[in-house]
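Trainee: Questions regarding the structure given below will be posed in turn.
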Amino acid sequence: MNIVMAASECAPYFKTGGLADVVAALPKALANNDHTLTVVLPKHRNLPDEIQSKLKFICSFDVYVRWRKQYCGILAYETEEVTYYFIDNEYYFDRMQMYGEMDDAERYAFFTHAFFEALDRLNLEPDLIHCHDWQTALIPTYIKAGAVQRNVKTVFTIHNLKYQGIFPLTIFDELLHLDQIHLGGLEFNGTINFMKSALVHADWVTTVSPTYANEILDPYYGEGLETFLHERQTSLTGIVNGIDEEIYNPESDLYVSIPYKKHYGRKKENKRIMQQELDLTVSKEIPMFVVISRLVEEKGLPLLVHIIDELLTTESVQVVIMGTGETGFEDHFQDISNRYPNTCRFMNVFQEGLARRLYAASDFFLMPSRFEPCGLSQLIALRYESVPIVRETGGLKDTIKPYNEYTGEGNGFSFTNYNADDFLNTIRYAIHLYHQPKHWNQILKNVYKSKLNWEHSAAKYENIYKKLLNPKYEEEHYGNDSRTAKSDVTRETHLVIR
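This is the structure we're talking about:
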């Protein structure tokens, strides 16, 4: 298949979160199955110099955003597996921030229009276009409106439903090249909602874990869009993310002080080195708990705020927190770090190299999220042989199985209710088993066996693509059991623009 992906970020070019890791790894995994993969991205300011120097100029042309005529350059960066095209416009994308600007609607409307112009100029002729999050959510709408003459199918992936691309109703006439008849497909509660437009118009909708796909049908998690998601139930699939195990590899990671693989003794050496650097009590036997997170409420940080004093005063542990975000959390964790200088450290930054070294040093990784579409941090923790302690929500529930000391199964610890006491009790249970070699060694064995790469998940995306491009695919492969799914695909791909 000839697959084109559209996204606003991709590691290692630019990254604000897990979306960038997915857009980096999924195309590579699909390309390994002999598909042709192209990724189209805005050219943001923070493109690394070593990549910038290797970009190849392809062409330039004008792109209209209604009456505004804007320059667009196309720059290419080719790897063995995937071709990347960068949409170049300094006015829109040479900014300090990738999102959160007053003219985000105009910036990503421009990106949408440039995307379609690039398809023509580059003769890409995709069989299928896979769009990621609200920044690319207009693409399925434009395709249903006839922006592409060929029969191109679209898949739209929700990475976090909370961020929808909501703008004033006036942008429909000011920015978008759509007739008034299409307004109903974008309007929601008196605004233009980019995410809603993709839920209405994409041929298939995916999100980043099976549990999250079920959760977002409920108003608590649905962020106001649950009605539209219910309408898509027969063409809504949750597929858990993976990680690139070549990039995240403690045996070859240049950031890691002492390389290791399935070797707890060498991992403890990384902890000792980190304790010395952070001026914490040096002891290989004290369990180190690490938090690497955006400091926002949805990550479950109110639970940590509630218990951290008690944890540090009643248990022999060390807690290391790294991240930036809301001032209230930053101030609180800095105060805790000041009051417990031997056992707690807060670093009000995010540095990729330091994050890798913290994963390598930690015994436990804390992730008590209120909601978590998938989460990559717990997968990276497993890869660095750190035991996750998570709340059972979204992808955390799908990837972390609580340890059962009677059966010996489970690769971490979890709690169900969003409750600080449950969180603290789970941590105490984990500490208890940490000091029992029989159980701790079994937990580590289970961590070592965790499946983290993209092979299985990429195959699920591939099946969706094949169903869309060939409605008889499931019947040919699975017999009569496929009849319902086959009719669902046919119905959704004939969705009309409202």
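Just add 67 to the spot in the sequence shown (first one is 1) and you have my numbering.
Ideal placement from N, C-alpha and C gives every residue a C-beta, glycine not left out.
Computed from a prediction, not measured in an experiment: that's the story for all the values here.
Across the stretch 298-312 and the stretch 408-417, are there enough close Cβ pairs to call them in contact, namely three or more that are closer than 8 angstroms?
Mentor: Output reads no: the stretch 408-417 does not touch the stretch 298-312.
Trainee: Can you tell me whether THR571 is helix, strand or coil according to DSSP?
Mentor: As displayed, the chain neither begins before 68 nor continues past 565, which places residue 571 out of reach and without an answer.
Trainee: Would you call the stretch 476-489 and the stretch 281-300 in contact, with 3 or more CB pairs under 8 angstroms?
Mentor: No, the stretch 476-489 does not touch the stretch 281-300.
Trainee: Count the other CB atoms, across all protein chains shown, that sit within 10 Å of the CB of GLN164; report buried if there are 16 or more and exposed otherwise.
Mentor: Against the sequence shown, residue 164 aligns to sequence position 97. So GLN164 counts as exposed.
Trainee: Classify GLN385 as helix, strand or coil using the three-state DSSP reduction.
Mentor: Working through the sequence shown from its first residue, we reach residue 385 at position 318. Reduced to three states, the DSSP call for GLN385 is strand.
Trainee: May I ask you to report which of helix, strand or coil DSSP gives ASP155?
Mentor: Within the sequence shown, numbered from 1, the residue matching residue 155 stands at position 88. Three-state result, ASP155: strand.
Trainee: Check GLU419 in the structure and name its three-state DSSP category.
Mentor: As a working note, residue 419 is residue 352 in the sequence shown. Looking at GLU419 - three-state DSSP - the assignment turns out to be helix.
Trainee: I'd like the list of long-range same chain contacts for THR466, defined as Cβ closer than 7 angstroms, with 5 residues on each side in sequence excluded.
Mentor: Walking along the sequence shown from the start, residue 466 turns up at place 399. Counting only Cβ-Cβ distances below 7 angstroms, and skipping sequence neighbours, we find VAL307, GLN445, LEU446.
Trainee: Taking only the alpha-carbon atoms, compute the straight-line gap between LYS468 and ASN478 and give it to the nearest angstrom.
Mentor: On the sequence shown, position 401 is the one that residue 468 refers to. On the sequence shown, position 411 is the one that residue 478 refers to. Cα to Cα, LYS468 sits roughly 6 angstroms from ASN478.
Trainee: Check whether the stretch 115-131 touches the stretch 94-106, taking contact to mean three or more Cβ pairs, one atom from each stretch, closer than 8 angstroms.
Mentor: Taking 8 angstroms as the limit for Cβ pairs, the verdict is that the stretch 94-106 does not touch the stretch 115-131.
Trainee: Taking the C-alpha atoms as reference points, what is the distance between ALA427 and ASP489?
Mentor: Counting from 1 along the sequence shown, the entry for residue 427 is found at position 360. Counting from 1 along the sequence shown, the entry for residue 489 is found at position 422. Approximately 27 angstroms, taken between the alpha carbons.
Trainee: From TYR131, LYS534, LEU191, ALA204, pick the residue whose C-alpha is nearest to that of ASN69; which is it?
Mentor: Against the sequence shown, residue 69 aligns to sequence position 2. The residue with the shortest Cα to Cα distance from ASN69 is LEU191.
Trainee: In or out: ILE271 buried (at least 16 other Cβ within 10 Å) or exposed?
Mentor: Indexing the sequence shown from 1 puts residue 271 at position 204. Here residue 271 is Trp; the residue named in the question, Ile, does not match the sequence. Label assigned to TRP271: buried.
Trainee: Beta-carbon within less than 7 angstroms of ASN508's beta-carbon, same chain only, minus the 5 sequence neighbours each way: which residues are those?
Mentor: By one-based count along the sequence shown, residue 508 stands at place 441. Cβ neighbours of ASN508 beyond the five flanking positions: none.
Trainee: Check the C-beta distance from LEU228 over to ILE259 and give it rounded, since I have them as a contact under 8 angstroms.
Mentor: The count along the sequence shown starts at 1 and reaches residue 228 at position 161. The count along the sequence shown starts at 1 and reaches residue 259 at position 192. So it is not a contact: roughly 17 angstroms between Cβ atoms.
Trainee: So what does GLU254 bridge to, in DSSP terms?
Mentor: Here residue 254 corresponds to residue number 187 of the sequence shown, with the count starting at 1. In DSSP, GLU254 forms a bridge with ILE259.
Trainee: Can you give me the C-alpha to C-alpha distance between GLU184 and PHE223, rounded to a whole angstrom?
Mentor: Within the sequence shown, numbered from 1, the residue matching residue 184 stands at position 117. Within the sequence shown, numbered from 1, the residue matching residue 223 stands at position 156. Rounded to the nearest angstrom, the two C-alpha atoms are 20 angstroms apart.
Trainee: With 16 other CB atoms within 10 Å as the buried threshold, where does GLN247 fall?
Mentor: Along the sequence shown, one-based indexing puts residue 247 at 180. So GLN247 ends up on the exposed side.
Trainee: Can you check whether the CB of ILE510 is closer than 8 angstroms to the CB of TYR473?
Mentor: As a working mapping, residue 473 is identified with position 406 in the sequence shown. As a working mapping, residue 510 is identified with position 443 in the sequence shown. No, Cβ-Cβ distance for TYR473 and ILE510 is not below 8 angstroms.
Trainee: Pull up the DSSP beta-bridge partners for TYR138, would you.
Mentor: Translated into positions along the sequence shown, residue 138 becomes position 71. The partner list for TYR138 (beta bridge, DSSP) reads ASP129.
Trainee: Excluding the 5 residues flanking TYR331 on each side, which residues of the same chain have their C-beta closer than 7 angstroms to its C-beta?
Mentor: In the sequence shown, residue 331 corresponds to position 264, counting from 1. The residues are LEU511.
Trainee: State buried or exposed for ASP161, treating a residue as buried only when at least 16 other CB atoms are found within 10 Å of its CB.
Mentor: As a first step, residue 161 is located in the sequence shown; it is residue number 94 there, counting from the start. Counting Cβ neighbours within 10 Å, ASP161 comes out exposed, since fewer than 16 surround it.
Trainee: Could you pull out every residue in the same chain whose Cβ sits closer than 7 angstroms to the Cβ of LEU243, ignoring the five residues on either side in sequence?
Mentor: Position 176 of the sequence shown holds residue 243. The residues are ALA176.
Trainee: Fully enclosed by the stretch 280-319, which alpha helix (DSSP H) runs are 4 residues long or longer?
Mentor: Those alpha helix (DSSP H) runs which fall completely within the stretch 280-319 and span 4+ residues are 286-289, 293-298.
Trainee: Specify whether the stretch 313-320 and the stretch 454-464 touch according to this definition: at least 3 beta carbon pairs, one from each stretch, less than 8 angstroms apart.
Mentor: Touching, no, given that fewer than three Cβ pairs across the two stretches are closer than 8 angstroms.
Trainee: Which residue wins for smallest C-alpha separation from LEU371, given the options THR493, VAL219, LEU321?
Mentor: Working through the sequence shown from its first residue, we reach residue 371 at position 304. It is THR493 whose Cα lies nearest to the Cα of LEU371.
Trainee: Note the first and the last residue of the continuous beta strand (DSSP E) segment covering LEU93.
Mentor: The residue you call residue 93 lines up with position 26 of the sequence shown. Per DSSP, LEU93 belongs to no beta strand (DSSP E); it is in the alpha helix (DSSP H), 85-98.
Trainee: Does TYR515 come out as helix, strand or coil in the three-state DSSP assignment?
Mentor: In the sequence shown, counting from the first residue as 1, residue 515 sits at position 448. Here TYR515 sits in helix by DSSP.
Trainee: Would DSSP call MET434 helix, strand or coil?
Mentor: The count along the sequence shown starts at 1 and reaches residue 434 at position 367. It is a strand residue.
Trainee: What distance in whole Å lies between the Cβ atoms of TYR151 and LEU108, which are believed to be in contact at a cut-off of 8 angstroms?
Mentor: Against the sequence shown, residue 108 aligns to sequence position 41. Against the sequence shown, residue 151 aligns to sequence position 84. That pair is a contact at about 6 angstroms.
Trainee: Let's see if you can read the secondary structure: which residues bound the alpha helix (DSSP H) around ALA185?
Mentor: Taking the first residue of the sequence shown as position 1, residue 185 is located at position 118. Here the alpha helix (DSSP H) through ALA185 covers 171-189.
Trainee: State the DSSP-derived secondary structure class of VAL372, mapped to helix, strand or coil.
Mentor: Residue 372 sits at position 305 when you count from the first residue of the sequence shown. Residue state, collapsed to three classes: helix.
Trainee: Taking only the alpha-carbon atoms, compute the straight-line gap between ARG450 and ASN513 and give it to the nearest angstrom.
Mentor: For the purposes of this step, residue 450 is identified with residue 383 of the sequence shown, where counting begins at 1. For the purposes of this step, residue 513 is identified with residue 446 of the sequence shown, where counting begins at 1. The alpha-carbon atoms of ARG450 and ASN513 are separated by roughly 12 angstroms.
Trainee: Along the chain, which unbroken stretches of the beta strand (DSSP E) at least 3 residues long are found entirely within the stretch 464-535?
Mentor: List check, beta strand (DSSP E) in window: 480-482.
Trainee: Helix or strand or just coil, what does DSSP make of LEU378?
Mentor: Taking the sequence shown and counting its residues from 1, the one referred to as residue 378 is at position 311. Here LEU378 sits in helix by DSSP.
Trainee: Assign LYS553 to one of three DSSP states: helix, strand, or coil.
Mentor: Locating residue 553 in the sequence shown gives position 486, where the first residue counts as 1. Residue placement at LYS553 cannot be trusted, given a pLDDT of 37 that sits under 50; what the coordinates show is reported in the next sentence. Residue state, collapsed to three classes: helix.
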